[in-house]
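Numbering (our numbering), first residue to last: 62 to 910. Heads up, the beta-carbon is just placed ideally off N, CA and C, and yes, glycines get one too.
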Amino acid sequence: GVDKRSLLDTGEAGLSTVEASRRLKIFGPNELESKEKSPWLKLAEQFWGPMPIMIWLAILVEAITKDVPDFFVLLFLQLLNGTVGWYEELKAGNAVAALKASLKPEAQVIRDGVHQTINAALLVPGDRVTLSAGSAVPADCDLCEGNPVQIDQAALTGESFPVTMATGDNAKMGSTVVRGEVEAVVSATGGQTFFGKTASLISSVDEVSHFQKILIRITMFLMAISFVLVGFCLGYLIYNGEDFLEAIAFCVVLLVASIPIAMQVVCTSTMALGSRKLAEEKVIVTQLQSIETLSGMNMLCSDKTGTLTRNKMELQDDLPIFHPTATREEVLVTAALSAKWKEPPKDALDTLVLNAIDLRPLDQYTMMDHLPFDPSVKRTESKIRGPDGKVFKVTKGAPQIILALAHNVTEIQEEVEAKVLDLARRGIRSLAVGRTSDEEADGGWVFLGIMTFLDPPRHDTKRTIELAHQNGIGVKMITGDQAAIAVETCRMLGMGTTILGTDVLPTANVQDGLSTTLGADYGAIVESADGFAQVFPEHKFLIVEVLRQRGWVCGMTGDGVNDAPALKKADVGIAVEGSTDAARAAADIVLTQPGLSVIINAITLSRKIFQRMRNYVTYRIACTIQLLMFFFISVLLFHPDSCRFQHFIPRVGECPYNNNESTEAVDPYFKLPVIALVLITILNDGTIISIAYDNVVPSKRPETWNLPRIYWVSTTLGLIAVASSLLLLFWGLDSWNETGVLAYFGVGELPYDQVMMMMYLKISLSDFMTVFTARTEGLFFTRAPGRLLAVAACFATVVSTLLAVFWPFTEMEAISFKLAGFVWVYCLIWFFIQDLGKVLLVFLLEHID
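Here it is as structure tokens:
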């Protein structure tokens, strides 16, 4: 072990550079640890999981059957999926990395006897640093000899007033020096600091996000359907004498085509793109999944100071006057004369007083004497000679003190006290101003008026809260200030004035675990309040927990280390502008611009992102159902090898005609080659990533995953597509019939290889067209698609058509332009039917709800 006393016994010259380097190797950098996976590990993870394992299985089967083309096609699909997923994940992490890089704090350190500024991450125990007003304390430090300093520990302890510290006291990392300057020796860095230990406590809580749970549920739903239907197909094929490996190969590839391999990639890239858009709006997302949670947030608990208000006292228009001849201007001039107007202001109140008027006309006054503010008498006083040579005194201070000085105290006492009480009740700070008529009238003070001050709401807050309410989000104010100030701020913002104290909340230690009955016991009280006053950090945590237990999706804003547990607990933790590193680490979202309006912009954007993901999920389930049900039914009912394509009436397992004429090798059941299924998968998943750029209208209500509704809509879309595919397959197998439908439209007899190609084109086109049905709840033309989505869909349909007409591979045969045109028209007609079916279903669901 290292002897701590000798470690911290650093002289005035500080450590040497060599010694500092040695200690840096021992203690490590002065920063909070973040669990970061290497990019290569992230890439490897893309090839492991339920979906990739399915493809590996298919690749293995193709290798055993020595089907080289299909082996390489599937291997290409696997590598493509993994690489795209990995690239999107890395891109998503870059915004967060950029934020962290912009947060690098600096420290003033003495090394080798020289004062220098270094990256605070390079500090080591024993370093001698200078702490001066306005700087953050870069590590836990023991103060050296010198004048006392005032340190703001609000970020750590929630104390609103600075603490005075002197020699030997320990200033904690994360606090800020408010006044004074002193040298100090670093006693602990990084994870060993008080700050670091708090942060590690927060990071130990890891939950599976709501969004991940939803994706898992949807995937499991699709996999269950897939395994049941494909398993049935496999059993049927083997029972009917199909080669075991051939049957396995077909079924595994059918599984690969029908299970939504790209679901995670598409949703991740949609959110990653959204996170970059949000960063442009001054909102940094630290967890991609929190975009989805933000879209469903229906309750926001907001800090008052700095978020709803400007965190800056301002002189109010309300300036009550208590002397018949006095004016507002005279009261303001008198207040300025009772401060040292020729010097920089000494405190916040003097700053406000001196900024209230143009100081140039005061040059004609002379200050003969000045008594600064004294806490025991609670006022300042100046002796002034005016431009006319007359001498008088001016004073400003607490209203009751100035009132006691006034010569006519009895006449105005009742009126002044009533006004002061009213102001106090509304949380407005007041400063009384008085003067004497001249020096001879010693003690003949005149009470002129009262200046009023308030930390006013930000200019955009009231409108922002209105917008929040219009968007289905409740807003509660949470503040450490007195109830009177909270009530007044709420009144100005139109929020409702039911402000409760913390006496109505339970006392609980955050570390001890929370009761699961909090929601039942305290829910009604918390829900009825418009806000809470005189709140401590643990109360924030409790308020969030109560609301969550009542089923609210709860957002919480905060800025200090003490807010971190509540930010972590909330569904959406929001670190406001100027937050400490700990608050940022605990938050899901970090604002880089002050105020609440950026949150509303973020919610609007998140709801757009949610809609794009929901539209994709609806589309993907519809595609799965189309592929699965089509092949399931066609394997069972259609037997191309046992039939001439004449007067074909499908019956399970038999056909009225023997195929005596056809000489081509025809499959005993209808299927598409592996390469066709893989092409459908690649073109679909490749183009559908562009749904991240689709044109959507944000909802006016918080978004939720209404899975039953999604399943109903997507199943309807899928089954209509299945019906259209089965009908066309029937016509295709019946193309030898001179009185058949295809003959009627002038399409001649089709070899079986061309029937397969026709079905490949039909399924491809149906899939792409389903995108445009799935993206709206009304008729498809009620909202134009995003340009990129339209271009991507056009590209995919053109590629599919060209492949059908100029097929370069084996196993299927190219079709004529005429037949391709027929398939296009056929698909468009069914697209309209599919769209109408969806609109009718949505209408029914709305009325059932």
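Nearest-angstrom Cα distance between residue i and residue j?
{"i": "W797", "j": "V903", "result": "41 Å"}
{"i": "I650", "j": "L76", "result": "39 Å"}
{"i": "V134", "j": "T837", "result": "34 Å"}
{"i": "W613", "j": "N359", "result": "6 Å"}
{"i": "L794", "j": "T800", "result": "13 Å"}
{"i": "T354", "j": "F870", "result": "47 Å"}
{"i": "Y680", "j": "M617", "result": "34 Å"}
{"i": "L93", "j": "T178", "result": "20 Å"}
{"i": "T858", "j": "T748", "result": "10 Å"}
{"i": "A911", "j": "E764", "result": "Residue 911 lies beyond the residue range present for the chain, which begins at 62 and ends at 910; the question has no answer from this structure."}
{"i": "P100", "j": "K152", "result": "11 Å"}
{"i": "T225", "j": "I382", "result": "38 Å"}
{"i": "A323", "j": "Y677", "result": "10 Å"}
{"i": "D896", "j": "R673", "result": "18 Å"}
{"i": "F256", "j": "E476", "result": "51 Å"}
{"i": "D230", "j": "R83", "result": "27 Å"}
{"i": "A502", "j": "G488", "result": "Note that A502 scores a pLDDT of 49, beneath 50, so its modelled location is shaky; the value from the coordinates is reported in the next line. Distance between the alpha carbons of A502 and G488 is about 36 Å."}
{"i": "A636", "j": "A784", "result": "52 Å"}
{"i": "W885", "j": "L826", "result": "8 Å"}
{"i": "K537", "j": "V548", "result": "12 Å"}
{"i": "K480", "j": "S658", "result": "34 Å"}
{"i": "T724", "j": "F288", "result": "Note that T724 scores a pLDDT of 42, beneath 50, so its modelled location is shaky and nothing firm can be said."}
Could you check what DSSP says for residue i in three-state terms: helix, strand or coil?
{"i": "N231", "result": "strand"}
{"i": "A556", "result": "For clarity, residue 556 is Met in the given sequence; the question names Ala instead. Note: M556 maps to coil in three-state DSSP."}
{"i": "S351", "result": "helix"}
{"i": "G302", "result": "coil"}
{"i": "S67", "result": "helix"}
{"i": "T78", "result": "helix"}
{"i": "A245", "result": "strand"}
{"i": "C202", "result": "strand"}
{"i": "L811", "result": "coil"}
{"i": "L192", "result": "strand"}
{"i": "V224", "result": "strand"}
{"i": "G535", "result": "strand"}
{"i": "H431", "result": "strand"}
{"i": "T250", "result": "coil"}
{"i": "P422", "result": "helix"}
{"i": "E375", "result": "strand"}
{"i": "S236", "result": "coil"}
{"i": "R83", "result": "helix"}
Between residue i and residue j, which are expected to be in contact by the criterion C-beta below 8 Å, what is the C-beta distance as a whole number of angstroms?
{"i": "I876", "j": "I741", "result": "Rounded, the Cβ-Cβ distance is 16 Å, inconsistent with contact."}
{"i": "A397", "j": "L415", "result": "6 Å"}
{"i": "V170", "j": "L184", "result": "7 Å"}
{"i": "Y297", "j": "V735", "result": "The Cβ separation is near 19 Å, so there is no contact."}
{"i": "K451", "j": "T497", "result": "Contact flag wrong, Cβ pair sits at about 10 Å."}
{"i": "T126", "j": "A310", "result": "6 Å"}
Where do the N-terminal and C-terminal ends of the beta strand (DSSP E) with residue i fall, by residue?
{"i": "C362", "result": "M360 to D364"}
{"i": "T5", "result": "Since the first residue of the chain shown is 62 and the last is 910, residue 5 is not available in this structure."}
{"i": "H176", "result": "V175 to N180"}
{"i": "V455", "result": "V452 to G458"}
{"i": "K732", "result": "Careful: K732 lies outside any beta strand (DSSP E) and carries neither H nor E."}
{"i": "T40", "result": "Outside the displayed range of the chain (62 to 910) lies residue 40, so it cannot be described from this structure."}
{"i": "S576", "result": "Note, S576: premise wrong, no beta strand (DSSP E); not H, not E."}
Could you give the residue range of the alpha helix (DSSP H) that holds residue i?
{"i": "N416", "result": "A409 to N416"}
{"i": "K338", "result": "M324 to E341"}
{"i": "S508", "result": "It is Phe, not Ser, that sits at residue 508 in the sequence shown. Run containing F508: none in the alpha helix (DSSP H); it sits in the beta strand (DSSP E), W506 to L515."}
{"i": "V793", "result": "The question names Val, yet the displayed sequence has Gly at residue 793. Segment L768 to L794, the alpha helix (DSSP H) holding G793."}
{"i": "S638", "result": "According to the sequence shown, residue 638 is Glu rather than Ser. Looking at the DSSP string, E638 is not in any alpha helix (DSSP H), and its letter there is neither H nor E."}
{"i": "M617", "result": "No alpha helix (DSSP H) holds M617; the beta strand (DSSP E) holding it covers C615 to G619."}
{"i": "E391", "result": "R389 to L398"}
{"i": "E167", "result": "That residue, E167, is in no alpha helix (DSSP H); its beta strand (DSSP E) goes E167 to R172."}
Any beta-carbon of chain D closer than 9 Å to the one on residue i?
{"i": "L432", "result": "The structure shown contains no chain D, having only a single protein chain."}
Quiz item: Per the contact definition of three or more C-beta pairs closer than 8 Å, is the segment 97 to 110 in contact with the segment 144 to 152?
Solution: yes
Exercise. Would you be able to state if there are at least three C-beta pairs under 8 Å between the segment 826 to 835 and the segment 845 to 857?
Key: yes
Quiz item: Do the segment 331 to 351 and the segment 592 to 602 touch if we need at least three Cβ pairs shorter than 8 Å?
Solution: no
Quiz prompt | Segment contact, 8 Å Cβ cut-off, at least three pairs: the segment 384 to 392 with the segment 357 to 374 | solution = no
Quiz prompt | Inter-stretch contact (C-beta, 8 Å, three-pair minimum) for the segment 281 to 288 and the segment 775 to 794 | solution = no
Quiz item: Below 8 Å, can you find three or more Cβ-Cβ pairs linking the segment 182 to 202 to the segment 231 to 246?
Solution: yes
Practice problem: Spell out a yes or no on whether the segment 657 to 667 and the segment 810 to 823 are touching, meaning 3 or more CB-CB pairs, one atom from each, closer than 8 Å. | Solution: no
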